[in-house]
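Have a look at the structure below, then the notes.
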Amino acid sequence: MEPGTLLYDPTTDKVGEFQARSGKYAMLRPVGGGIEWQADPDTLRPPTDSERIGAGVKAANAQATRKYPLLEPTVDITSVPEPYPNCASCADLVLLAKSAGEKRDLSAQVDARVLMRQHHKQAHLTRADPA
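Set out below in structure tokens:
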């Protein structure tokens, strides 16, 4: 067995990369990295295509989770921000969002909410307002 060879361990039901021999055991590491485990070399076999692909997907998902952890949203992105009084731009954007809602145009609704938030930040954000 060459280091880096993918092998299926039926005892743990996992695919791992062969690292080395350690006494009577084969040392395997999860695809994509992680903590090695010991396996009986007599029970190891090459993984099926499905097992190999599944291990790759699991590794990609784990990497994505580590790189981009889910964060709690700080802003309710589903609601239209409140318009500022006496602001013609705010009023226009509210009408745009309402019109898109009546037409059931979800893309236009999202666009209107994004434009409203951008407008709020550019035109109405003061030092006293939270960022």
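Residues in the sequence shown are numbered consecutively from -9, following the numbering used here.
Backbone N, C-alpha and C fix where the C-beta goes; we use that ideal spot for every residue, glycine too.
Since we're looking at a predicted model, the values are computed, not measured.
When you compare each of the options to residue i by their alpha carbons, which one comes out closest?
i: ASP32; options: CYS80, HIS114, ARG11, LYS88; result: ARG11
i: LEU83; options: ALA54, LEU105, LEU18; result: LEU105
i: LEU(-3); options: ALA78, THR38, ALA102; result: THR38
i: GLN9; options: ARG19, ASP3, ARG107; result: ARG19
i: PRO71; options: ASP95, THR55, GLY44, LYS111; result: LYS111
i: PRO73; options: HIS109, LEU96, SER97; result: HIS109
Measuring CB to CB, does residue i end up less than 8 angstroms from residue j?
i: THR1; j: ALA29; result: yes
i: GLY22; j: ALA52; result: yes
i: ARG107; j: ALA87; result: no
i: LEU113; j: SER89; result: Going by the sequence as given, residue 113 is Ala instead of Leu. No, the Cβ-Cβ distance between ALA113 and SER89 is not below 8 angstroms.
i: VAL5; j: ALA50; result: no
What residue does the beta strand (DSSP E) around residue i start on, and which one ends it?
i: VAL21; result: Per DSSP, VAL21 belongs to no beta strand (DSSP E) and is neither H nor E.
Write down the C-beta distance between residue i and residue j rounded to the nearest angstrom, noting that I regard them as a contact closer than 8 angstroms.
i: ASP(-1); j: LEU34; result: 6 angstroms
Grab the span of the alpha helix (DSSP H) containing residue i for me, first residue to last.
i: LEU86; result: 78 to 92
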